[in-house]
Amino acid sequence: MYTLPLFISGAEIAFIMFILVMVFGADKIPEIARGLGKGMKAIRNASNDIKDEIQKSAEKQGIDTDFTKDVRGEIDKVKEDIEEISGSVKRKL
């Protein structure tokens, strides 16, 4: 059975939808969904703007903002170490 990230089952979602229809009415739900979508888009745009400003400020100060390469390199090293250890275990079995 597929579970949602919030661990809500299909029956619970159907019940929530039923309550929403009863409280707001079927004609208001599209308006509410549209408003939520606009709000989520505004939040995403604001967070992207903040991230861009932080990155520009860091570049002005001469701070290296490309730390993902360093993190990726460390992850690759750990993966290689794990494969090296597990490879020897697999061969012994």
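To convert, count from 1 in the sequence shown and add 982; that's the working numbering.
Backbone N, C-alpha and C fix where the C-beta goes; we use that ideal spot for every residue, glycine too.
This one's a predicted model, so the numbers in the text were calculated from it and none came from an experiment.
Locate the alpha helix (DSSP H) running through residue 1006, then write down its first and last residues. Per DSSP, the unbroken alpha helix (DSSP H) holding residue 1006 starts and ends at 992-1006.
Just checking my contact of residue 1006 with residue 1014 at CB under 8 Å: how many whole Å lie between their CB atoms? Under the criterion of beta carbons closer than 8 Å, residue 1006 and residue 1014 qualify as touching, at roughly 6 Å.
From the DSSP output, in three-state form, read off residue 1045 for me. Residue 1045: coil per DSSP, three-state reduction.
Taking 8 Å as the cut-off, decide whether the C-beta atoms of residue 1003 and residue 1011 are in contact. Cβ atoms of residue 1003 and residue 1011: closer than 8 Å.
May I ask you to report which of helix, strand or coil DSSP gives residue 1009? Three-state DSSP puts residue 1009 in coil, outside helix and strand.
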